[in-house]
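Scroll down for the structure; my scribbles are underneath it.
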Amino acid sequence: MADDLSRSLRIAFCVYRGNPFSGGQGVYTKYITAALCDLGHKVTVFSGPPYPHLDERVELVKLPSLDLYREPDPFRVPKLTEFKSMFDLIEFALMSTGSFPEPRVFGYRAARQIRRRIGEFDVIHDNQSLNWSLLGLSFDNVPSVTSIHHPITVDRTLDIKGAKGMLAKLGARRWYGFVRFQCEVARRYESIITVSTASKNDMVTGMKLDPEKITVIPIGVDTTVFRPIDGITPIPHQIVTTASADVVLKGLKYLVEAVKILSINYPDVTLKVLGARKSNSEVHQLVKELGIGGHVEFVGKVTHEEMVRCYSSSQVACVPSVYEGFSLPAVEAMACGTPLVTTDGGALPEVVGENGVAGLIAKARNPESLADSISMIFDSSELGASLSHHGRLRVLANYSWKSAAIATVEQYNLAIARSKDPIPSPNVVKVNFNEPLHLEDATGEIS
Numbered sequence: 001m002a003d004d005l006s007r008s009l010r011i012a013f014c015v016y017r018g019n020p021f022s023g024g025q026g027v028y029t030k031y032i033t034a035a036l037c038d039l040g041h042k043v044t045v046f047s048g049p050p051y052p053h054l055d056e057r058v059e060l061v062k063l064p065s066l067d068l069y070r071e072p073d074p075f076r077v078p079k080l081t082e083f084k085s086m087f088d089l090i091e092f093a094l095m096s097t098g099s100f101p102e103p104r105v106f107g108y109r110a111a112r113q114i115r116r117r118i119g120e121f122d123v124i125h126d127n128q129s130l131n132w133s134l135l136g137l138s139f140d141n142v143p144s145v146t147s148i149h150h151p152i153t154v155d156r157t158l159d160i161k162g163a164k165g166m167l168a169k170l171g172a173r174r175w176y177g178f179v180r181f182q183c184e185v186a187r188r189y190e191s192i193i194t195v196s197t198a199s200k201n202d203m204v205t206g207m208k209l210d211p212e213k214i215t216v217i218p219i220g221v222d223t224t225v226f227r228p229i230d231g232i233t234p235i236p237h238q239i240v241t242t243a244s245a246d247v248v249l250k251g252l253k254y255l256v257e258a259v260k261i262l263s264i265n266y267p268d269v270t271l272k273v274l275g276a277r278k279s280n281s282e283v284h285q286l287v288k289e290l291g292i293g294g295h296v297e298f299v300g301k302v303t304h305e306e307m308v309r310c311y312s313s314s315q316v317a318c319v320p321s322v323y324e325g326f327s328l329p330a331v332e333a334m335a336c337g338t339p340l341v342t343t344d345g346g347a348l349p350e351v352v353g354e355n356g357v358a359g360l361i362a363k364a365r366n367p368e369s370l371a372d373s374i375s376m377i378f379d380s381s382e383l384g385a386s387l388s389h390h391g392r393l394r395v396l397a398n399y400s401w402k403s404a405a406i407a408t409v410e411q412y413n414l415a416i417a418r419s420k421d422p423i424p425s426p427n428v429v430k431v432n433f434n435e436p437l438h439l440e441d442a443t444g445e446i447s
């Protein structure tokens with residue numbers, strides 16, 4: 001294996017949306033590809049919009065789409081001039097019927113581009129788009145692996161359960177219609193990377209995957225960016241949290257309710273919420289209903305440096321999620337030395353470690369438990385200092401992008417070893433770039 005690790009690989013890395021400011025896919029793409037380049041590998045990223053911010057050594061192949069969920073006009077109706085291919089028609093048709101088309105349609109576009117350059121790559125890494133088109137390349141003996149950061153079946157269950165009214169529940173079921181085929185695709189991959197043991201176990205249960213095919217590789221954080229900042233004194237009773245979306249999974253409503261409880265004994269308590277958020281969201285409405293508008297600030301999108309300053313100026317960081325497959329925000333907070341409170345949802349206890357050492361672990365969906373844990377830090381500077389110190393040490397010891405990249409390359413080499421035939425070289429692959437898009441390319445399950 002040592003010889004394999006020293007071999008320079010040509011990697012096609014696929015991500016259907018690489019937003020660098022919202023969600024984990026863009027962050028993972030940016031840092032894992034840079035770490036792979038540090039190891040001497042060549043990486044080409046195929047991405048749909050919004051596009052990731054990448055290291056200058058990484059080639060970015062942009063695969064434009066209709067971008068139907070972009071802000072500030074999600075679920076928009078495109079102009080006729082925007083429809084340039086059958087893929088665009090399928091994307092809009094699926095969205096119009098209540099489906100989420102991005103993973104499927106991205107696969108059509110990405111697979112077609114990769115086939116045109118197939119001799120340029122040693123391995124394909126699909127980052128959770130889980131579509132038949134990219135999987136189809138593995139059927140042609142192109143070494144392939146996929147990453148699944150957490151089972152989407154959990155999101156589906158929570159969102160359907162949390163939907164209010166029959167129509168909303170039917171809409172949620174329709175939206176998550178892609179989950180069925182993603183589970184089917186995932187079962188056919190021979191190499192699956194995930195980020196925690198909790199995610200692995202839930203994928204085996206919820207997605208019916210073979211545990212022998214799943215490898216746990218914790219992701220990392222850039223500790224030169226996420227770090228304690230000298231000269232910044234934490235503001236007493238200030239809490240910071242990041243929430244990229246108003247979804248049941250993130251549990252923000254429970255933290256807002258905890259702030260209401262805390263405001264009784266800590267009249268100056270404040271909560272800073274980092275991340276884009278609609279002004280008419282359910283969480284905004286809850287803040288109004290509870291009468292705590294003066295205690296909650298929705299900061300909006302921030303840069304990494306602004307995020308670090310928010311962490312450093314807060315007495316507590318909180319991750320109130322109902323479920324997490326890993327939780328970069330928890331690791332980032334610990335890296336900044338901000339005392340952390342999380343819940344016992346999903347992989348959070350696994351990420352944080354023993355309760356009371358690097359962080360405090362409250363009960364998920366329980367505002368009272370969150371408030372109790374936060375107040376413990378408010379009331380004890382010694383506890384806060386201990387959590388800060390051990391949190392930073394835990395990140396340095398366990399969450400490195402270099403370690404993640406090395407382990408990922410091991411999976412690449414295993415996939416290459418399983419491939420029966422060598423990948424065709426460029427002078428063997430013959431592609432007619434003027435060939436028409438046939439219907440089966442767009443609607444068939446395997447292209």
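Residue numbering for the sequence shown follows the UniProt record's numbering, beginning at 1 and increasing consecutively.
All residues carry an ideal CB built from backbone N, CA and C; glycine is no exception.
Computed from a predicted model, the values in this text were never measured in an experiment.
Beta-carbon proximity list for residue i, same chain, < 7 Å, skipping 5 on both sides
{"i": "TYR16", "result": "GLY48, GLU102, PRO103, PHE106, SER129"}
{"i": "GLY18", "result": "GLN25, GLY26, THR29, SER47, PRO50, TYR51, PRO52"}
{"i": "ALA243", "result": "LYS250, LEU252, VAL273, GLY275"}
{"i": "PHE226", "result": "VAL308, GLU332, ALA335, CYS336"}
{"i": "PHE87", "result": "VAL105, TYR108, ARG109, ALA442"}
Sheet register partners of residue i (DSSP bridge)
{"i": "VAL296", "result": "LEU271"}
{"i": "GLU410", "result": "For GLU410, which the question treats as bridged, DSSP gives no partner whatsoever."}
{"i": "residue 486", "result": "Not covered by the structure: residue 486. The range shown for the chain is 1 to 447."}
{"i": "LEU360", "result": "VAL341"}
{"i": "residue 448", "result": "With the chain running from 1 to 447 in the structure shown, residue 448 is simply not present."}
Spatially closest choice to residue i from the options, by CA coordinates
{"i": "LEU396", "options": "SER380, ALA335, ASP379", "result": "ALA335"}
{"i": "ILE214", "options": "VAL145, ILE235, ASN355", "result": "VAL145"}
{"i": "ASP126", "options": "GLU289, ALA12, ASP140, PRO72", "result": "ALA12"}
{"i": "VAL169", "options": "VAL179, LEU158, LEU68", "result": "A small correction: the amino acid at residue 169 is Lys; Val does not occupy that position in the sequence shown. The shortest Cα separation from LYS169 among VAL179, LEU158, LEU68 belongs to LEU158."}
{"i": "HIS284", "options": "VAL256, SER263, LEU393", "result": "VAL256"}
{"i": "ARG57", "options": "PHE75, ILE32, ALA186", "result": "ILE32"}
{"i": "LYS250", "options": "TYR266, ARG227, ILE148, ASP344", "result": "ASP344"}
{"i": "ILE288", "options": "LYS260, VAL179, SER191, VAL308", "result": "The displayed chain sequence assigns Lys, not Ile, to residue 288. If we check each option's Cα against that of LYS288, LYS260 comes out closest."}
{"i": "LEU66", "options": "LEU167, ARG392, PHE92", "result": "PHE92"}
{"i": "ILE264", "options": "PRO72, ARG109, VAL247, HIS295", "result": "HIS295"}
{"i": "TYR311", "options": "LEU348, LEU340, GLY293, VAL61", "result": "LEU340"}
{"i": "GLU305", "options": "ALA407, CYS183, PHE178, ILE229", "result": "ILE229"}
{"i": "ARG117", "options": "MET86, VAL61, GLY162, TYR69", "result": "VAL61"}
{"i": "VAL154", "options": "ILE232, MET203, ARG7", "result": "MET203"}
Three-way DSSP call (helix, strand, coil) for residue i in this model
{"i": "PHE326", "result": "coil"}
{"i": "HIS53", "result": "coil"}
{"i": "ILE423", "result": "Confidence at ILE423 is low in this model, with a pLDDT of 47, below 50, so its placement is unreliable and the value that follows should be read with caution. If DSSP states are grouped into helix, strand and coil, ILE423 belongs with coil."}
{"i": "LEU66", "result": "coil"}
{"i": "ASP441", "result": "Reliability fails at ASP441, whose pLDDT of 38 lies under 50, so the model's placement of it is uncertain and no value is given."}
{"i": "ASN355", "result": "strand"}
{"i": "LEU290", "result": "helix"}
{"i": "LEU9", "result": "coil"}
Close-in-space but distant-in-sequence residues of the same chain around residue i (CB under 6 Å, 5 per side omitted)
{"i": "PRO143", "result": "VAL123, ALA415, ILE416, SER419"}
{"i": "SER375", "result": "none"}
{"i": "LYS42", "result": "ARG10"}
{"i": "MET1", "result": "At MET1, the pLDDT of 45 sits below 50, so the modelled position is not reliable; the number obtained from the coordinates is stated separately. None."}
{"i": "LEU36", "result": "VAL43, ALA405"}
{"i": "VAL319", "result": "SER327, PRO329, ALA330, THR342"}
{"i": "GLY220", "result": "TYR399, SER400, TRP401, ALA404"}
{"i": "GLU297", "result": "LYS272"}
{"i": "ALA371", "result": "ALA258, ILE261, LEU262"}
{"i": "TYR323", "result": "VAL154, LEU249, GLY345, GLY346"}
{"i": "GLN182", "result": "LEU130"}
Close Cβ partners of residue i (< 8 Å) along its chain, the five nearest in sequence each way excluded
{"i": "LEU94", "result": "PHE100, PRO101, ARG104, VAL105"}
{"i": "SER314", "result": "PRO234, ILE235, GLN238, ILE239, VAL240, LYS272, THR338"}
{"i": "ALA358", "result": "MET334, LEU340, VAL352, LEU387, HIS390, GLY391, LEU393, ARG394"}
- Item | Any alpha helix (DSSP H) of 4 or more consecutive residues that is wholly inside the stretch 90-146 | 102-116, 132-139
- With a floor of 4 residues, list each alpha helix (DSSP H) that falls wholly inside the stretch 192-257, ordered by position along the chain. 197-206
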